[in-house]
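K.L.:
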Amino acid sequence: MYGRKVKLRFFFVLLILTTLALSVFLLIKSLEENVIFFKSPTEIKALSEIEKNKIRIGGMVKKDSITMISKEIKFVVTDFKNEINVVYSGVVPNLFAEEKGVVAEGYLKDKNFFLATKILAKHDENYMPPEVKAALEEK
Amino acid sequence: MASLIGSYSLGFGLFFSFLIIFFSFRNLRNTEILDKRILSFTFIQFFFVVISFLGLIVSFVNSDFSNETVFNNSHTTKPLFYKISGTWGNHEGSLLLWLLVLTLFISIFLIKSKQQPKKYRIFTLLFQQIIIIGFFIFLIKTSSPFNYISPTPNEGLGLNPILQDPALAIHPPILYLGYVGSSIIFSSALAAMVTSYVSKEWAKHVKQWVLASWVFLTLGILLGSIWAYYELGWGGFWFWDPVENVSLMPWFALTTLLHCILVLEKKKILTSWAMILSIATFALSMSGTFLVRSGILNSVHTFANDPERGLFILIFLFILIFLSIFIFIFFHTEKEKLENSFFWLSKESSILVNNWFMMYFLSVVLIGTIYPIFLEVLTTNKISVGPPFYNKLILPFLIPFLVAMAIGPNLNWVKSDFKNKFYMTMFLIISFLLSALIIKQFDINFLINTILVTSAFFLFFSTFREFFVKRFRNLSQNIAHFGFSLLILSILFNNIFSNEVITNLKIGETFKTEKFTINFEKIEQEDEKNFKAIKGKFNVQNLDGTLDILNPELRIYNQPNIITSEADIKTNLLTDKFMTMNYVQNQEYFNIRYQVKPFMIWIWISVILISFGGFLSFFKKRYEI
Numbered sequence: 001m002y003g004r005k006v007k008l009r010f011f012f013v014l015l016i017l018t019t020l021a022l023s024v025f026l027l028i029k030s031l032e033e034n035v036i037f038f039k040s041p042t043e044i045k046a047l048s049e050i051e052k053n054k055i056r057i058g059g060m061v062k063k064d065s066i067t068m069i070s071k072e073i074k075f076v077v078t079d080f081k082n083e084i085n086v087v088y089s090g091v092v093p094n095l096f097a098e099e100k101g102v103v104a105e106g107y108l109k110d111k112n113f114f115l116a117t118k119i120l121a122k123h124d125e126n127y128m129p130p131e132v133k134a135a136l137e138e139k
Numbered sequence: 140m141a142s143l144i145g146s147y148s149l150g151f152g153l154f155f156s157f158l159i160i161f162f163s164f165r166n167l168r169n170t171e172i173l174d175k176r177i178l179s180f181t182f183i184q185f186f187f188v189v190i191s192f193l194g195l196i197v198s199f200v201n202s203d204f205s206n207e208t209v210f211n212n213s214h215t216t217k218p219l220f221y222k223i224s225g226t227w228g229n230h231e232g233s234l235l236l237w238l239l240v241l242t243l244f245i246s247i248f249l250i251k252s253k254q255q256p257k258k259y260r261i262f263t264l265l266f267q268q269i270i271i272i273g274f275f276i277f278l279i280k281t282s283s284p285f286n287y288i289s290p291t292p293n294e295g296l297g298l299n300p301i302l303q304d305p306a307l308a309i310h311p312p313i314l315y316l317g318y319v320g321s322s323i324i325f326s327s328a329l330a331a332m333v334t335s336y337v338s339k340e341w342a343k344h345v346k347q348w349v350l351a352s353w354v355f356l357t358l359g360i361l362l363g364s365i366w367a368y369y370e371l372g373w374g375g376f377w378f379w380d381p382v383e384n385v386s387l388m389p390w391f392a393l394t395t396l397l398h399c400i401l402v403l404e405k406k407k408i409l410t411s412w413a414m415i416l417s418i419a420t421f422a423l424s425m426s427g428t429f430l431v432r433s434g435i436l437n438s439v440h441t442f443a444n445d446p447e448r449g450l451f452i453l454i455f456l457f458i459l460i461f462l463s464i465f466i467f468i469f470f471h472t473e474k475e476k477l478e479n480s481f482f483w484l485s486k487e488s489s490i491l492v493n494n495w496f497m498m499y500f501l502s503v504v505l506i507g508t509i510y511p512i513f514l515e516v517l518t519t520n521k522i523s524v525g526p527p528f529y530n531k532l533i534l535p536f537l538i539p540f541l542v543a544m545a546i547g548p549n550l551n552w553v554k555s556d557f558k559n560k561f562y563m564t565m566f567l568i569i570s571f572l573l574s575a576l577i578i579k580q581f582d583i584n585f586l587i588n589t590i591l592v593t594s595a596f597f598l599f600f601s602t603f604r605e606f607f608v609k610r611f612r613n614l615s616q617n618i619a620h621f622g623f624s625l626l627i628l629s630i631l632f633n634n635i636f637s638n639e640v641i642t643n644l645k646i647g648e649t650f651k652t653e654k655f656t657i658n659f660e661k662i663e664q665e666d667e668k669n670f671k672a673i674k675g676k677f678n679v680q681n682l683d684g685t686l687d688i689l690n691p692e693l694r695i696y697n698q699p700n701i702i703t704s705e706a707d708i709k710t711n712l713l714t715d716k717f718m719t720m721n722y723v724q725n726q727e728y729f730n731i732r733y734q735v736k737p738f739m740i741w742i743w744i745s746v747i748l749i750s751f752g753g754f755l756s757f758f759k760k761r762y763e764i
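For the record, the sequence lines run as chains A and B.
Those letters in the first sequence? Residues 1 to 139, by my numbering.
Those letters in the second sequence? Residues 140 to 764, by my numbering.
Here it is as structure tokens:
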């Protein structure tokens with residue numbers, strides 16, 4: 001039979017392989033579960049069914065659309081083709097303003113209504129999230 | 140004038156690169172001693188880069204708006220401190236800083252490596268010069284800090300206000316010392332392979348550089364994190380944002396290398412692994428710069444930028460990687476016959492286990508960071524990967540990692556058995572009871588949280604005990620590991636115990652929760668040199684009757700016209716009370732975030748401890764583990 005050393009090495013290799021397989025499996029599974037897709041209002045209109053998972057939407061905050069009460073803030077996101085109503089309660093970044101680009105994360109209730117859980121802050125007034133830029137360029 | 144001098148200095152600096160390379164090749168064939176001229180040229184090159192850098196600083200201080208970089212990033216009303224820090228607060232200036240540190244480090248390397256073989260020193264210099272030339276060309280061709288605009292504008296565009304902050308003024312230089320320090324490790328590893336000098340002596344000598352880069356990188360990440368905590372008002376210290384991740388990846392690689400080098404120094408095994416890590420660390424540092432600067436990353440941290448520059452760094456990066464792979468394949472020979480076998484329980488195998496875990500963490504972060512880029516290129520689906528991904532993949536593996544970290548340092552080299560079984564079992568039991576007791580108070584997943592906290596406590600107790608058992612032997616390693624256990628504990632408690640309220644309030648309104656009442660008393664306006672401050676006054680009445688007065692602030696900067704919010708943070712040893720106030724145009728309501736964050740300061744303290752541990756090992760005559 002094989003010596004002790006060979007057996008040990010065999011188990012060692014087996015251990016590495018199982019760990020590797022396990023981590024790859026975990027990785028792929030987590031990626032599938034935790035990935036957040038980005039959609040523009042026009043893309044949302046074109047959806048055949050409502051996304052259940054968390055998504056990001058982006059576009060411009062429509063002029064005169066912000067209303068604020070103590071619990072929440074409402075506004076309209078537009079890509080100049082289509083619009084979507086957003087309701088949000090949470091931290092509002094300072095660069096959030098009407099007629100500026102915005103990216104919001106949250107859940108679609110229907111094709112006209114988005115429940116945001118987060119509005120993403122930006123660092124630079126000139127900076128436009130690539131998604132918003134692309135969405136605006138398409139118009 | 141200063142810009143002109145700076146611009147010419149860059150040209151001269153590049154010229155000296157070629158002189159150095161020429162004389163180095165001549166010196167390789169000739170005598171046994173290093174040509175003194177090479178040393179002088181290296182210092183002169185460093186001198187020219189310093190002049191160039193000073194030229195840029197002077198232009199910033201004098202607000203010389205005929206310089207494009209100054210025009211884009213400065214303003215006459217900006218305080219002097221931020222005029223100076225604005226020098227490296229932009230793309231061009233920060234690259235000049237990279238170059239400055241590159242030339243500084245190679246000068247220090249030449250001074251410090253007198254005991255090393257001549258050939259090895261020259262090759263290190265040569266490889267470093269390749270990197271230096273790359274950066275010179277990059278600077279001069281695509282991102283010169285000294286572009287001239289005519290006619291001279293009267294006023295500059297100003298520095299992004301959120302960068303006008305003490306922590307962020309020193310964050311880039313410290314982080315770059317870490318990044319660029321890895322360039323020396325890279326050059327030196329390549330040189331060691333070419334000259335067949337991969338040995339215990341080499342490990343001992345390069346370890347100083349690994350330690351130095353590691354300490355700076357750790358502190359650099361810490362500073363960035365502290366800044367994000369109080370300036371961005373996101374109420375946390377780490378967001379798994381791509382830009383944060385790219386600084387964490389070289390840190391993982393460097394930490395792995397640091398441990399691997401110890402084994403190499405002791406036993407001359409794992410040589411190939413050490414080489415790969417040296418190359419990987421630098422490649423990751425470079426790609427960090429590339430990803431942040433190219434605008435490829437889909438990050439909320441990204442600043443407006445230029446894709447062409449990214450392309451240059453990418454090509455340069457590929458050249459360097461191909462060069463190193465070529466050298467690794469054709470020059471590196473493993474000469475580790477005798478001591479090659481591992482016993483399963485020994486210090487070296489425990490370090491190897493550490494290496495595996497580190498590589499796993501690194502791959503998770505790497506995949507989470509670049510997967511969205513690939514997916515967008517392949518399918519045009521735009522996605523982002525959030526914190527749950529990282530938590531899910533990293534937290535479970537943290538448990539065995541912490542346990543191994545508690546056991547590993549107590550093992551002997553070559554062959555060992557478990558030591559201090561009694562204490563270790565005791566610690567494990569105490570840790571478990573303690574954690575179970577704490578976690579039971581909260582309405583969270585009992586099993587995973589208890590196991591996590593238990594393993595962190597276990598490391599905490601066992602490293603704490605070693606302070607008494609080992610005393611000054613191996614103090615640096617012990618401090619670093621103790622700091623790490625403290626870090627994990629603080630992070631866990633910080634997450635578990637945190638309390639947060641987000642609401643919109645009008646002046647005079649009061650908001651009630653079960654634990655506290657927030658009263659928005661008033662706002663006051665103050666005029667500062669380059670911004671108007673609106674200070675809110677909030678009275679927070681706690682359940683136990685104590686009153687906290689918090690004054691979060693809004694700053695309306697004049698140039699560029701940007702509003703930032705300054706969090707007000709009341710810090711004590713146990714908790715941070717954190718409040719930000721945000722403004723939404725044309726609304727009566729202010730958006731308020733109030734957080735009670737326990738053990739926040741311990742997160743900073745423990746990272747300082749970790750880097751202090753690294754710092755201490757510089758003062759050791761002979762490293763013992």
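Cβ atoms here follow ideal geometry from the backbone N, Cα and C, with glycine treated the same way.
From a predicted model like this one, the values you see are computed outputs, not experimental measurements.
Which of the three DSSP states is assigned to G375 (chain B) in this structure?
P.N.:
Stepping through the second sequence from its first residue, residue 375 (chain B) is reached at position 236. Of the three classes helix, strand and coil, the one that applies to G375 (chain B) here is coil, per DSSP.
K.L.:
Looking only at its chain, what residues have a beta carbon closer than 7 angstroms to the beta carbon of D174 (chain B), apart from the 5 residues adjacent to it on each side?
P.N.:
Residue 174 (chain B) sits at position 35 when you count from the first residue of the second sequence. Answer for D174 (chain B): F162 and N166, listed in chain order.
K.L.:
For a contact defined as C-beta to C-beta under 8 angstroms, what are the partners of Q724 (chain B) on chain A?
P.N.:
As a first step, residue 724 (chain B) is located in the second sequence; it is residue number 585 there, counting from the start. Simply I66, A97 and E98.
K.L.:
Use the C-beta contact count for K216 (chain A): other C-beta atoms within 10 angstroms, 16 or more gives buried, fewer gives exposed.
P.N.:
One cannot answer for residue 216 (chain A) here, as it falls past the ends of chain A, which runs 1 to 139.
K.L.:
State buried or exposed for F46 (chain A), treating a residue as buried only when at least 16 other CB atoms are found within 10 Å of its CB.
P.N.:
For the purposes of this step, residue 46 (chain A) is taken as residue 46 along the first sequence, with counting starting at 1. Sequence inspection shows Ala at residue 46 (chain A); the Phe mentioned does not correspond to that position. Burial call: exposed.
K.L.:
Interface residues of chain B around S23 (chain A) at Cβ under 7 angstroms?
P.N.:
For the purposes of this step, residue 23 (chain A) is taken as residue 23 along the first sequence, with counting starting at 1. Simply Y499.
K.L.:
Anything in the region 509-529 of chain B with a Cβ closer than 7 angstroms to a Cβ of chain A? List those residues in chain order, please.
P.N.:
So the close ones are Y510, N520, K521, I522, S523, V524, G525, P527 and F528.
K.L.:
Would you say the beta carbon of A422 (chain B) is closer than 7 angstroms to some non-hydrogen atom of the ligand MN?
P.N.:
Among the ligands in the structure shown, none appear at all, so the ligand MN cannot be discussed.
K.L.:
Looking only at DSSP bridge pairs, what is N721 (chain B) linked to?
P.N.:
Numbered from its first residue, the second sequence carries residue 721 (chain B) at position 582. Bridge partners of N721 (chain B): B:N730.
K.L.:
Output yes if chain A places a C-beta closer than 8 angstroms to the C-beta of Y728 (chain B); else output no.
P.N.:
Numbered from its first residue, the second sequence carries residue 728 (chain B) at position 589. Judged by the 8 angstroms Cβ criterion, Y728 (chain B) is in contact with chain A.
K.L.:
Mapping the DSSP letters down to three states, classify E72 (chain A) as helix, strand or coil.
P.N.:
Here residue 72 (chain A) is taken as the residue at index 72 of the first sequence, counted from 1. Here E72 (chain A) sits in coil by DSSP.
K.L.:
May I ask you to report which of helix, strand or coil DSSP gives N114 (chain B)?
P.N.:
Any answer about residue 114 (chain B) is impossible in this case: the structure gives chain B only from 140 up to 764.
K.L.:
With 16 as the cutoff for other CB atoms within 10 Å, does T518 (chain B) come out buried or exposed?
P.N.:
Here residue 518 (chain B) refers to the residue found at position 379 when the second sequence is read from its first residue. Exposed.
K.L.:
From the DSSP output, read off the bridge partner residues of K118 (chain A).
P.N.:
Residue 118 (chain A) sits at position 118 when you count from the first residue of the first sequence. For K118 (chain A), which the question treats as bridged, DSSP gives the partners A:E105.
K.L.:
Could you list which residues in chain A have their beta carbon closer than 7 angstroms to that of T703 (chain B), in chain order?
P.N.:
For the purposes of this step, residue 703 (chain B) is taken as the residue at position 564 of the second sequence. Per Cβ cutoff of 7 angstroms: N94.
K.L.:
Report the residue from B:V354, B:S424, B:T216 and B:L302 whose alpha carbon sits nearest the alpha carbon of S224 (chain B).
P.N.:
The residue labelled residue 224 (chain B) in the question sits at position 85 within the second sequence. Minimum Cα distance to S224 (chain B) is reached at B:L302.
K.L.:
Are W237 (chain B) and V319 (chain B) closer than 8 angstroms when you measure CB to CB?
P.N.:
Here the question's residue 237 (chain B) lines up with position 98 in the second sequence. Here the question's residue 319 (chain B) lines up with position 180 in the second sequence. For W237 (chain B) and V319 (chain B), yes; Cβs fall inside 8 angstroms.
K.L.:
Using a cut-off of 7 angstroms between C-beta atoms, extract the partners of G90 (chain A) located in chain B.
P.N.:
On the first sequence, residue 90 (chain A) is found 90 positions in, with the first residue counted as 1. Neighbours of G90 (chain A) on chain B, chain order: I641.
K.L.:
Are I590 (chain B) and I538 (chain B) close, meaning C-beta to C-beta below 8 angstroms?
P.N.:
Your numbering for residue 590 (chain B) matches position 451 in the second sequence. Your numbering for residue 538 (chain B) matches position 399 in the second sequence. Against a cut-off of 8 angstroms, the Cβ pair of I538 (chain B) and I590 (chain B) comes out as a contact.
K.L.:
Does any C-beta atom of chain A lie closer than 8 angstroms to the C-beta of R732 (chain B)?
P.N.:
On the second sequence, residue 732 (chain B) is found 593 positions in, with the first residue counted as 1. Interface residue, yes.
K.L.:
If we call anything under 8 angstroms between Cβ atoms a contact, is W552 (chain B) one with K654 (chain B)?
P.N.:
Here residue 552 (chain B) refers to the residue found at position 413 of the second sequence. Here residue 654 (chain B) refers to the residue found at position 515 of the second sequence. The answer is no: Cβ separation not under 8 angstroms.
K.L.:
Would F391 (chain B) be called buried (16 or more neighbouring beta carbons within 10 Å of its own) or exposed?
P.N.:
Against the second sequence, residue 391 (chain B) aligns to sequence position 252. Its Cβ being crowded by 16 or more others within 10 Å, F391 (chain B) is buried.
K.L.:
Measure the alpha-carbon distance for T656 (chain B) versus W373 (chain B) and round it to whole angstroms.
P.N.:
Along the second sequence, one-based indexing puts residue 656 (chain B) at 517. Along the second sequence, one-based indexing puts residue 373 (chain B) at 234. When rounded, the distance between both Cα atoms is 21 angstroms.
K.L.:
So for V553 (chain B), helix, strand or coil by DSSP?
P.N.:
Along the second sequence, read from residue 1 onward, the residue named residue 553 (chain B) stands at position 414. Coil at V553 (chain B), not helix or strand.
K.L.:
Three-state secondary structure (DSSP) at K794 (chain B)?
P.N.:
It is not possible to answer for residue 794 (chain B), since the shown part of chain B is limited to 140 through 764.
K.L.:
Kindly indicate the opening and closing residues of the beta strand (DSSP E) around F566 (chain B).
P.N.:
Within the second sequence, residue 566 (chain B) is the residue found at index 427, counting from 1. From DSSP, F566 (chain B) is part of no beta strand (DSSP E) but of the alpha helix (DSSP H) over K560 to K579.
K.L.:
If the cut-off is 8 angstroms on Cβ atoms, which residues from the region 70-88 of chain A count as contacting chain B, listed in chain order?
P.N.:
Within the region 70-88 of chain A, the qualifying residues are S70, K71, E72 and I73.
K.L.:
Can you pull the chain A residues whose beta carbon is under 7 angstroms from the beta carbon of V402 (chain B), in chain order?
P.N.:
Position 263 of the second sequence, counting from 1, holds the residue named residue 402 (chain B). By Cβ distance, chain A contributes nothing, its closest Cβ being about 18 angstroms from V402 (chain B), past 7 angstroms.
K.L.:
Return the residue from the list B:N638, B:G647, B:Y696 and B:S191 that minimises the CA-CA distance to M739 (chain B).
P.N.:
What you label residue 739 (chain B) is simply residue 600 of the second sequence in a count that begins at 1. With distances taken between Cα atoms, M739 (chain B) lies closest to B:N638.
K.L.:
How big is the Cα-Cα spacing for E763 (chain B) and W377 (chain B)?
P.N.:
As a working note, residue 763 (chain B) is residue 624 in the second sequence. As a working note, residue 377 (chain B) is residue 238 in the second sequence. For E763 (chain B), the predicted model reports a pLDDT of 46, less than 50, meaning its position is unreliable and no value from the coordinates is stated.
K.L.:
State the start and end residues of the unbroken alpha helix (DSSP H) segment that holds T263 (chain B).
P.N.:
Locating residue 263 (chain B) in the second sequence gives position 124, counting from the first residue. Its alpha helix (DSSP H) spans residues K257 to T281.
K.L.:
In terms of alpha-carbon separation, which member of B:W743, B:F751 and B:K759 lies closest to W366 (chain B)?
P.N.:
Residue numbering aside, residue 366 (chain B) sits at position 227 when the second sequence is read from its first letter. Minimum Cα distance to W366 (chain B) is reached at B:W743.
K.L.:
For L143 (chain B), report the span of its alpha helix (DSSP H) as first-last.
P.N.:
For this step, residue 143 (chain B) is matched to residue 4 along the second sequence. First-last of the alpha helix (DSSP H) with L143 (chain B): A141 to R168.
K.L.:
Using alpha carbons as the reference points, say which of B:Y147, B:N613, B:R176 and B:G145 lies closest to L158 (chain B).
P.N.:
Position 19 of the second sequence, counted from the first residue, corresponds to residue 158 (chain B). Ranking the options by Cα distance to L158 (chain B), first place goes to B:R176.
K.L.:
Quick check on S213 (chain B): does DSSP put it in helix, strand or coil?
P.N.:
Within the second sequence, the letter at position 74 stands for residue 213 (chain B). S213 (chain B) falls in the coil class under three-state DSSP.
K.L.:
Given this structure, state the Cα-to-Cα distance separating A422 (chain B) from N681 (chain B), to the nearest angstrom.
P.N.:
To locate residue 422 (chain B), count along the second sequence from 1; it is residue 283. To locate residue 681 (chain B), count along the second sequence from 1; it is residue 542. Spanning the two alpha carbons is a distance of roughly 51 angstroms.
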